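Residue numbers (my numbering): 1 to 465. We put the CB at the ideal spot given by N, CA and C, even for glycine. All values derive from a computational prediction rather than experimental measurement.
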Ligand code: 2NI
Ligand code: ZN
Ligand code: ZN
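Following this line, the structure appears as structure tokens:
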């Protein structure tokens, strides 16, 4: 870093009432600039004149202060400097999406107690106990915190079912809307969780699953605020899905407050896909009623012609009971049906409705031999009613009208689709062309000439810059 931007910075700060005279102040300013460059993507152009309306440093400072729940002044005040000097994780804060509770409240002890003060009539008591215990375990597994249940007296975290006005200035208003709330760490009511008794609490997929809501509320009890990561438990909206788990963003959040867990191995933590990441890969892709839908883990990405931005959401928002991590998907347009494959099973949907009687197995329905354990990719041609199934380096052709596998299959992929490699992750057909996906590559293929027309990034459909 040349000295010109730093001088500019000193002048900029000086003009806001922070005269940079002593050596330590100068070092502080250098530290502030480095910090914002590292974690907030600050770029100070050496030639740029400071404009009153646009002060990139103050903007980034505000962003950082908001992120850490500090007073948002846009100035490197004592609190801000103190925060910047603390040990931290090397990941840029711009990529982190969790938020800490303003003021940064945290428990000063790591061995916490909890007490279940009363029960809901909606569930057997054992189910309530179990849901709460599991919710605590999610957080203790990834942090230095431990939770011990007590049966009388005061506990750090008191959990209760209450309704309407329950005298904490945060009344509930009947079913739906606000399901529960929790207080930030602190003495007395701090950390406590109130579940709205006007909700129906469940231990299954019906609204509202107590385990899921408890897991979210405990995040607040421990000092987390809502996250903008749609895959995070701390995302503000309740969305049912079969498993309740913390994702990487929740873990980043809790560890930003309490440091890492004593057992640092956290295998296979779910992450929310980044649609414009060059390394994005897909599990499956299909057309659906004129739109394209891309699948990855628990998420779908959807594009359509009237809205420029790609939509990222949980598969369970549309189809709560489909599994995550499909391996293939295709649409049969004349039946208005989309089929999803995972292992040797498949599911079928019509728009938002999952069809009855699924999953079925691929052997009796399509005539695959038992040696086929899963389908890598599938696509159906509207014009011919032929469906192509890709399995390792071979493909099969199925007739949707005759409902049988065509004779002469499987064939080698390389015979009829030369150049696309010998494994396909996902495929769809659009305007007469096949689009094959493998890893971070996408091939536009012309079936008439049997040639690859272009090599594309996997996320070429998402309007990424
Ligand atoms: C949503 C709304 C709510 C309480 C809890 C949730 C929620 C969100 C995500 C998950 C589970 C539950 C997950 N995964 O009440 C309305 C807003 N309030 C007061 C809160 O956010 N409280 O936490
Ligand atoms: Zn309350
Ligand atoms: Zn919440």
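Euclidean distance between Cα positions of residue 313 and residue 230 | Cα to Cα, the separation comes out at about 7 Å.
Check: residue 220 C-beta below 7 Å from any heavy atom of ligand 1 = Yes.
Boundaries of the beta strand (DSSP E) in which residue 255 is found, first to last residue = Membership of residue 255 in any beta strand (DSSP E) is not indicated; the residue belongs instead to the alpha helix (DSSP H) covering 248–258.
If you drop the 5 nearest sequence neighbours on each side, which residues of the same chain put their C-beta closer than 8 Å to that of residue 373?
-> Excluding residues within five positions, the ones whose Cβ falls inside 8 Å are 343 and 344.
To the nearest angstrom, report how far apart residue 396 and residue 240 are at their CA atoms.
-> The alpha-carbon atoms of residue 396 and residue 240 are separated by roughly 36 Å.
Along the chain, which unbroken stretches of the beta strand (DSSP E) at least 3 residues long are found entirely within the stretch 132–203?
-> Listed in chain order, the complete beta strand (DSSP E) runs (minimum 3 residues) inside the stretch 132–203 are 146–149, 157–162, 180–182 and 193–196.
Taking just the CA atoms, how far does residue 445 sit from residue 406?
-> A straight-line Cα-Cα distance of about 22 Å links residue 406 and residue 445.
Any heavy atom of ligand 3 within a distance shorter than 7 Å of the CB on residue 109?
-> Flag unset: Cβ of residue 109 not near ligand 3.
Taking only heavy atoms of ligand 3 into account, decide whether any of them is closer than 7 Å to the Cβ of residue 130.
-> When distances are taken from the beta-carbon of residue 130 to the heavy atoms of ligand 3, even the shortest one reaches 7 Å or more.
Should residue 60 go down as buried or exposed, given a rule of 16 or more other Cβ atoms within 10 Å for buried?
-> Burial is judged here by how many other beta carbons sit within 10 angstroms of a residue's own beta carbon; residue 60 has at least 16 and is buried.
Just grab the DSSP bridge partners of residue 361 for me.
-> Per DSSP, the beta bridge partners of residue 361 are 345.
Determine the DSSP secondary structure at residue 71, reduced to helix, strand or coil.
-> Here residue 71 sits in coil by DSSP.
Pick helix, strand or coil for residue 293, following the three-state DSSP scheme.
-> Residue 293 falls in the strand class under three-state DSSP.
Who does residue 374 pair with in a DSSP beta bridge?
-> Answer is none; residue 374 lacks a bridge partner.
State the start and end residues of the unbroken alpha helix (DSSP H) segment that holds residue 218.
-> Segment 210–221, the alpha helix (DSSP H) holding residue 218.
Under 8 Å between the Cβ atoms of residue 250 and residue 136?
-> Cβ atoms of residue 250 and residue 136: not closer than 8 Å.
Extent of the continuous beta strand (DSSP E) run through residue 301 | First-last of the beta strand (DSSP E) with residue 301: 299–303.
By how many angstroms is the C-alpha of residue 310 removed from the C-alpha of residue 28?
-> Distance between residue 28 and residue 310, taken at the CA atoms: about 42 Å.
Taking C-beta to C-beta, are residue 341 and residue 328 nearer than 8 Å?
-> Result yes, Cβ atoms of residue 341 and residue 328 sit closer than 8 Å.
For the alpha helix (DSSP H) that residue 79 lies in, which residues bound it at each end?
-> Where residue 79 is concerned, the enclosing alpha helix (DSSP H) stretches over 78–85.
Would you say the stretch 418–429 touches the stretch 387–401, given that touching needs at least three Cβ pairs under 8 Å?
-> A contact exists between the stretch 418–429 and the stretch 387–401.
Endpoints, alpha helix (DSSP H) assigned at residue 437 | Residue range 433–438 is occupied by the beta strand (DSSP E) that includes residue 437, with no alpha helix (DSSP H) assigned at that position.
Who are the near neighbours of residue 337 in its chain, counting only those whose CB is closer than 8 Å to its CB and skipping five residues on each side?
-> The residues are 331, 348, 349, 350 and 355.
Secondary structure at residue 444, three-state DSSP: helix, strand or coil?
-> Under the three-state reduction of DSSP output, residue 444 falls in the strand class.
Cβ shell of residue 32 (< 6 Å), same chain only, five flanking positions each side left out | Residues 76 of the same chain have their beta carbon placed closer than 6 Å to that of residue 32, with the five preceding and five following residues left out of the count.
Delimiting residues of the beta strand (DSSP E) encompassing residue 428 | For residue 428, the enclosing beta strand (DSSP E) begins and ends at 426–430.
For residue 271 versus residue 247, is the C-beta distance shorter than 8 Å?
-> Yes, the Cβ-Cβ distance between residue 271 and residue 247 is below 8 Å.
Can you grab the Cα-Cα spacing for the pair residue 189 / residue 294, in whole Å?
-> Their Cα atoms are separated by approximately 45 Å.
Please confirm if the stretch 168–187 is in contact with the stretch 210–224, defined as three or more CB-CB distances below 8 Å between the two stretches.
-> Flag = yes, the stretch 168–187 and the stretch 210–224 touch.
Identify which residue in 107, 458, 114 and 101 has its Cα closest to the Cα of residue 469.
-> Residue 469 lies beyond the range of the chain shown here (1 to 465); nothing can be said about it.
Which residue from 353, 402 and 123 puts its Cα closest to that of residue 211?
-> Checking every option, the nearest Cα to that of residue 211 belongs to 123.
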